[in-house]
Amino acid sequence: MSLIKLINLPSLGDERGALVALEGNKLVPFDIKRVYYIFGTEKGVSRGFHAHKQLKQVAVCITGKCRMTLDNGTEKAEVWLDSATKAVLIEDMVWHEMHDFSDDCVLLVLASELYDEADYIRHYQEFIVQANK
Ligand code: TYD
Numbered sequence: 036m037s038l039i040k041l042i043n044l045p046s047l048g049d050e051r052g053a054l055v056a057l058e059g060n061k062l063v064p065f066d067i068k069r070v071y072y073i074f075g076t077e078k079g080v081s082r083g084f085h086a087h088k089q090l091k092q093v094a095v096c097i098t099g100k101c102r103m104t105l106d107n108g109t110e111k112a113e114v115w116l117d118s119a120t121k122a123v124l125i126e127d128m129v130w131h132e133m134h135d136f137s138d139d140c141v142l143l144v145l146a147s148e149l150y151d152e153a154d155y156i157r158h159y160q161e162f163i164v165q166a167n168k
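So the sequence shown is numbered by this note's numbering: it starts at 36 and just counts up by one.
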């Protein structure tokens, strides 16, 4: 199974414009417990640099773009999130980083759990050890 799991978000557009609907346990393969978004990222700033022990997330740039790198401890891959209809699934135990944010980027993230700092692995060496257990 590929590390990059893209989810195509059908646009329910009509002559008035576009609309994308995200529902838990449908296109988004978990109950959505939390939504957050990242915007106004300063030039040259990269974010992420962590994995989650349990949390699963779906991320989509609803405006602008950024480059996401994913790493499961054995394989690395990257994807440009550059469309409001292209989401990526970030599974648990996947180290992820976001780079090259455009000025207008709004990165929307849907999460399977409430915020819990104890669920983060923020040190890459610790991640590699855990991921290869
Ligand atoms: P962090 O996860 O480090 O952001 P990124 O992965 O984009 O670099 O979160 C940044 C800060 O925001 C950190 O202090 C934790 C806080 N935060 C919450 O309080 N709730 C949340 O849902 C998220 C994602 C972060």
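All C-beta atoms, glycine included, are put in the ideal place defined by N, C-alpha and C.
Between which two residues does the alpha helix (DSSP H) containing residue i stretch?
i    : result
E161 : Y159 to A166
With respect to the beta strand (DSSP E) encompassing residue i, which residues constitute its N-terminal and C-terminal limits?
i    : result
Q92  : Q92 to T98
V123 : K121 to I125
E132 : W130 to H134
N43  : K40 to N43
L105 : C101 to D106
K111 : K111 to L116
I73  : R69 to F74
Taking 8 Å as the cut-off, decide whether the C-beta atoms of residue i and residue j are in contact.
i    : j    : result
Q89  : A146 : no
L143 : Y72  : yes
C96  : A119 : yes
V70  : F136 : no
H131 : M103 : yes
Can you tell me whether residue i is buried or exposed, with buried defined as 16 or more other CB within 10 angstroms of its CB?
i    : result
A53  : exposed
A153 : exposed
V63  : buried
L44  : buried
V164 : exposed
D106 : buried
T109 : exposed
W115 : exposed
H158 : exposed
A56  : exposed
T98  : exposed
Strictly closer than 5 Å from CB to any heavy atom of the ligand TYD: give me those residues in the order they appear in the chain. That query returns the following residues: Y71, R82, G83 and Y150.
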